[in-house]
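*Asks:* Counting from 31, one number per residue, gives the positions in the first sequence under our numbering.
Have a look at this one before I ask anything.
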Amino acid sequence: MLSAYQQFFTGRPTTAIARDLLGKLVRYQGPDGEAAGYIVECEAYLGENDSASHAYNGRRTNYSESLYGQPGNIYLYQIRAHYCFDIVVQAVNEPQGILLRGIEPAIGQALMHEHRGVTGVSLTNGPAKLVQALGIHSRELDGQPLEGNQLTVALDQFKIPREIIATPRVGVNLSGKDGKKPWRFYVANNPYVSGMRKREMDLETHGWRD
DNA sequence: TCGCTGATGTACT
DNA sequence: GTACATCAGCGAA
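Given below as structure tokens:
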């Protein structure tokens with residue numbers, strides 16, 4: 031039986047869940063304090079039929095095993111020298127996920143600064159950057175549920191995006207079958223979206239509805 | 001076992 | 001624009 035929390039992450043298309051996640055608060059209670067930020071950018075990965083997914087064609091290894099778990103679980107994986115953070119969606123054995131690519135710092139900015147050693151938007155405007163900013167340095171939380179965890183998404187703490195933009199995903203092979211599918215979603219004009227141009231940033235509202 | 005490849009980020013030119 | 005840090009998985013051998 032799924033909890034109400036888990037039901038948020040299943041029962042509708044992954045792209046719809048991804049859009050709905052924009053504006054939600056991600057929180058991490060680390061050993062040296064709490065860091066949190068609002069989701070401003072994410073990408074949907076649609077499982078076995080998605081040529082950019084880690085589970086394409088039913089590929090299933092120890093490495094990507096968490097993707098096959100319960101909706102609302104954490105999928106934390108390593109790519110080159112960095113870690114990325116996915117949220118597992120859809121039913122068990124339905125390996126779909128949503129990659130968090132950008133958050134807007136809300137709590138513990140000083141701590142994030144400490145973790146990253148930089149200031150400004152590059153604190154959290156990329157998938158590996160936000161993981162590092164939160165203070166996560168291992169796959170320890172991989173496969174665990176978000177609900178009640180030290181790393182969680184607070185569905186009841188959120189901002190509302192004024193406008194949501196859909197584009198092709200970043201860093202995936204464009205010539206692949208699904209390389210050009212518009213499955214990346216972000217909050218229009220938010221400075222913490224990766225690759226956001228300076229002139230398009232709205233420094234007053236950050237793209238949130240008031 | 002070897003060599004290649006990334007859902008990346010930084011530091012350069 | 002280009003180089004590179006650095007590591008699990010995978011296919012070839």
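Heads up, the beta-carbon is just placed ideally off N, CA and C, and yes, glycines get one too.
This structure is a prediction, so every number in the text was calculated from the model and none was measured.
For Ala65, collect the residues of the same chain with a Cβ closer than 7 Å to its Cβ; drop the 5 residues on either side in sequence, then sort them by chain order.
*Replies:* Here residue 65 refers to the residue found at position 35 of the first sequence. Result list for Ala65: Tyr58, Ile137, Gly138, Leu141, Met142, Ala163, Leu164, Gly165, in chain order.
*Asks:* Looking only at DSSP bridge pairs, what is Lys228 linked to?
*Replies:* One-based indexing of the first sequence puts residue 228 at position 198. Lys228 pairs with nothing; no bridge assigned.
*Asks:* With distances taken Cα to Cα, identify the nearest neighbour of Val119 among Pro175, Val202, Ile190.
*Replies:* Start at 1 with the first residue of the first sequence, and residue 119 comes out as number 89. Looking at the Cα atoms, Pro175 is the closest of the given residues.
*Asks:* Return the chain-ordered ranges of every alpha helix (DSSP H) run that is complete within the stretch 142-223 and spans a minimum of 4 residues.
*Replies:* Counting only runs of 4 or more, we get 157-164.
*Asks:* Leaving out five residues before and five after Gln36 in sequence, what residues of the same chain have Cβ atoms less than 6 Å from its Cβ?
*Replies:* Start at 1 with the first residue of the first sequence, and residue 36 comes out as number 6. Pro101, Gly102.
*Asks:* What first and last residue would you give for the beta strand (DSSP E) that runs through Arg57?
*Replies:* Here residue 57 refers to the residue found at position 27 when the first sequence is read from its first residue. 54-60 is the extent of the beta strand (DSSP E) around Arg57.
*Asks:* Per the contact definition of three or more C-beta pairs closer than 8 Å, is the stretch 191-205 in contact with the stretch 119-128?
*Replies:* Short answer: they don't touch.
*Asks:* Under the rule that 16 or more other beta-carbon atoms within 10 Å means buried, what is Asn219, buried or exposed?
*Replies:* Numbered from 1 along the first sequence, position 189 holds the residue referred to as residue 219. Answer is buried; the Cβ neighbour count reaches 16.
*Asks:* Let's test the definition: count the other Cβ atoms within 10 Å of the Cβ of Asn87 and tell me whether it reaches 16, buried, or not, exposed.
*Replies:* By one-based count along the first sequence, residue 87 stands at place 57. With fewer than 16 Cβ atoms within 10 Å of its Cβ, Asn87 is classed as exposed.
*Asks:* Grab me the residues of Val223's own chain with a C-beta within less than 7 Å of its C-beta, minus the 5 sequence neighbours each way, in chain order.
*Replies:* Counted from its first residue, the first sequence places residue 223 at position 193. Correct list, in chain order: Val70, Glu71, Gly132, Asn155, Tyr216, Val217.
*Asks:* Expressed to the nearest angstrom, what Euclidean distance is found between the alpha-carbon atoms of Leu171 and Tyr98?
*Replies:* Here residue 171 is taken as the residue at index 141 of the first sequence, counted from 1. Here residue 98 is taken as the residue at index 68 of the first sequence, counted from 1. So the alpha carbons of these two residues sit roughly 15 Å apart.
*Asks:* When you compare each of Glu134, Asp50, Lys211, Arg227 to Ser83 by their alpha carbons, which one comes out closest?
*Replies:* Within the first sequence, numbered from 1, the residue matching residue 83 stands at position 53. The option with the nearest alpha carbon to Ser83 is Lys211.
*Asks:* Whole-angstrom Cβ separation of Glu73 and Ile128, contact assumed at under 8 Å?
*Replies:* Here residue 73 corresponds to residue number 43 of the first sequence, with the count starting at 1. Here residue 128 corresponds to residue number 98 of the first sequence, with the count starting at 1. Confirmed, Cβ separation roughly 7 Å.
*Asks:* Given that a residue counts as buried once 16 or more other Cβ atoms are within 10 Å of its Cβ, and exposed if not, what is Ser96?
*Replies:* The residue given as residue 96 occupies position 66 in the first sequence. With 16 or more other Cβ atoms within 10 Å, it is buried.
*Asks:* What is the DSSP secondary structure of Arg90, counted as helix, strand or coil?
*Replies:* Your numbering for residue 90 matches position 60 in the first sequence. Of the three classes helix, strand and coil, the one that applies to Arg90 here is coil, per DSSP.
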